[in-house]
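Under the numbering used here, the first residue of the sequence shown is numbered 72, with each subsequent residue one higher.
Positions of the beta carbon are idealized from the N, C-alpha and C atoms, including for glycine.
The block underneath contains the structure these notes are about, expressed in structure tokens.
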Amino acid sequence: MNKTIISTLRRFAAVITAAAAMAACSLSASAEDSVNEKVKAAQEGVYAVELRYENTSDESFPIQSGSAFFINPTTMLTCEHVVAMDSKTETAVRELAKEFYGSYSKGNVTVKVKLQSDISIGANVLFSSPEGDWAVLQINESIKNAPLSFGQSDDAQNTQSVYAIGFPGSVANYKSIKNFSRDDITTTKGVISKVLSENDVKKIQHGATISEGNSGGPLVDENGAVIGINNEGVVNKDYYYAIATEQIISVLEQKQIDYTRYSEAASAEVSEPSDDSSAATAAAPAETVSQDAAPAVAEETSSSAESDGMDTKTIVLICGGAALAVCLIAAVIIFTRKKPAPAQNAPKRESNSQPTIAQIFTLIRAKTGEKAAIDKITFVVGKEKSCDYCIEGNSSISRNHARFIVKGTDCFISDMRSTNGTYVNNKRISPNDEVKLRSGDIIRISDEEFEFRA
């Protein structure tokens with residue numbers, strides 16, 4: 072074989088190799104984009120929810136907030152602790168309602184699903200599991216939404232990538248109601264570290280960062296399918312927990328609540344719609360679509376396998392041409408792809424004039440410089456994991472050591488009968504006495520020092 076032919080073949084082989092490499096890269100990037108789009112699409116079914124005390128339609132204040140997600144057009148899942156008050160919170164709400172309105176009625180405590188700015192709709196708790204910390208909500212009026220499908224939480228594996236979706240407490244609490252936007256939703260990525268059971272409740276421990284407002288939001292896999300409901304995290308440890316959904320699904324079936332399962336085949340069939348809303352709608356009947364799609368795929372494969380009458384030369388030419396086409400298309404895509412325009416900042420709006428709980432109080436820990444937002448009516452500090460701020464590794468701290476109480480625009484602190492005491496500016500507080508705090512006050516919880524900022 073002469074040198075010219077050999078040289079030509081080598082150049083052709085190099086082109087084919089380069090095209091194959093670019094095709095592989097293109098397919099890999101395409102798969103990653105597909106994953107990101109599926110997770111992004113899951114955000115459309117997630118909403119912020121709020122527990123409010125409503126004296127009248129014009130007089131109300133927030134109690135606590137979290138996230139929830141649709142599983143069918145009228146039904147949502149969230150955490151039980153997001154839509155129910157514990158005894159401490161109820162006591163604080165009762166006092167605040169009496170201060171604002173002169174009386175308190177538990178019937179005035181309502182669940183609201185936040186849509187945009189100050190617009191929200193009511194929801195009722197259909198049933199809940201205090202032990203499992205999950206609740207099923209039914210909205211009071213119809214809205215356009217994109218229900219999420221369930222994945223297989225029983226198949227969750229260590230090191231599997233997961234995404235936590237929700238409305239963080241820092242956003243929900245520091246922004247006024249009129250500034251609230253759907254754009255405030257966040258998605259964080261992590262991996263599963265282990266699956267465990269606590270008191271017969273199966274949980275997924277993961278590393279996707281969540282804060283208080285994320286409670287009730289979904290933990291999804293790379294397909295955007297729900298495998299858990301985020302419900303708690305451990306301060307300073309960077310691990311978080313989600314309630315595995317399989318145990319919830321069994322109850323939904325008993326109660327005859329509609330839901331869908333994610334299906335790979337269905338997702339492939341409905342990945343072409345021209346707009347997000349139609350994609351969300353098409354994704355809902357996942358199982359039905361996949362069952363119809365399977366025979367068609369099998370038939371197409373069979374038909375392809377039968378058409379084998381082409382000779383080797385033709386096949387080589389077609390493969391070479393296809394590789395070159397992939398190479399050219401990839402080059403065109405690379406050189407013509409434009410960067411998306413940067414998102415514009417939302418315009419500032421006037422703050423809410425309704426009476427609200429002050430959300431700007433902060434504790435600064437002297438030892439570490441860490442900042443903790445006092446973002447609830449009652450905010451407990453101690454070494455118990457369930458505390459709002461957990462101080463670990465210090466045996467001098469009591470399980471529930473001190474409580475901060477927000478009343479209107481003021482914040483008070485009380486000692487919860489701790490062993491080693493709570494101090495404000497070096498003065499020890501008597502158990503259960505409420506001491507009003509001022510910005511700059513130095514608080515000592517046993518030997519842990521904090522600066523209070525208002």
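Integer Cβ distance of residue i from residue j, believed to fall under 8 Å
i, j, result
"Y124", "F221", "Actually they are not in contact, since the Cβ atoms of Y124 and F221 sit about 34 Å apart, beyond 8 Å."
"G116", "P218", "6 Å"
"V196", "L122", "Rounded, the Cβ-Cβ distance is 10 Å, inconsistent with contact."
"I514", "Y494", "7 Å"
"F132", "L186", "Going by Cβ atoms, the distance from F132 to L186 rounds to 19 Å, so no, they are not a contact pair."
Candidates the options, of which the one nearest residue i by Cα
i, options, result
"R474", "D486, S467, T480", "D486"
"V207", "Y330, K159, A525, A443", "Y330"
"Y312", "G203, N503, V477, E115", "G203"
"V322", "N285, Q209, E522, S199", "S199"
"P289", "Y175, V184, E520, A113", "A113"
"T280", "N302, P201, N107, N294", "N302"
"D459", "S467, S466, N465, I448", "I448"
"V110", "P133, V297, N229, G173", "V297"
"S158", "D271, V451, N496", "V451"
"G178", "S264, Q187, V164, S188", "V164"
"D271", "E324, S174, P201, D292", "P201"
"Q467", "L167, S174, S517, I275", "What sits at residue 467 in the sequence shown is Ser, not Gln. The option with the nearest alpha carbon to S467 is S517."
"F432", "A525, N497, E463, A227", "A525"
"N107", "L434, Q228, E293", "E293"
"E463", "K478, N503, T480, K438", "K438"
"R509", "G304, T480, F171", "T480"
"V527", "W205, N491, F171", "Residue 527 cannot be examined here, being either before or after the span of the chain that is shown, 72 to 525."
Residue i, enclosing beta strand (DSSP E) - first and last residue
i, result
"T162", "Premise fails: T162 lies in the alpha helix (DSSP H), 158-172, not in any beta strand (DSSP E)."
"R436", "432-436"
"R186", "Note on residue identity: the sequence assigns Leu, not Arg, to residue 186. Per DSSP, L186 belongs to the beta strand (DSSP E) from 180-187."
"E269", "257-269"
"L290", "289-291"
"T449", "449-453"
"G193", "190-200"
The alpha helix (DSSP H) enclosing residue i, as first and last residue numbers
i, result
"S321", "317-325"
Within 7 Å, strictly: CB atoms of residue i and residue j
i, j, result
"Y234", "T257", "no"
"G237", "S136", "no"
"T145", "I190", "no"
"V182", "Y118", "no"
"F483", "E505", "yes"
"E130", "S224", "no"
"I314", "G299", "yes"
"R470", "K454", "yes"
"I192", "Q231", "no"
"R436", "F523", "no"
"G295", "G278", "no"
"S188", "P239", "no"
Original post:
Hey, which unbroken runs of the alpha helix (DSSP H) at 4 residues or more fall wholly within the segment 476-523?
Top reply: Fully enclosed alpha helix (DSSP H) runs of 4 or longer: not present.
Subject >> Minimum length 3: unbroken beta strand (DSSP E) runs contained in the segment 124-154 >> reply: Listed in chain order, the beta strand (DSSP E) runs fully inside the segment 124-154 are 131-143, 146-149, counting runs of at least 3 residues.
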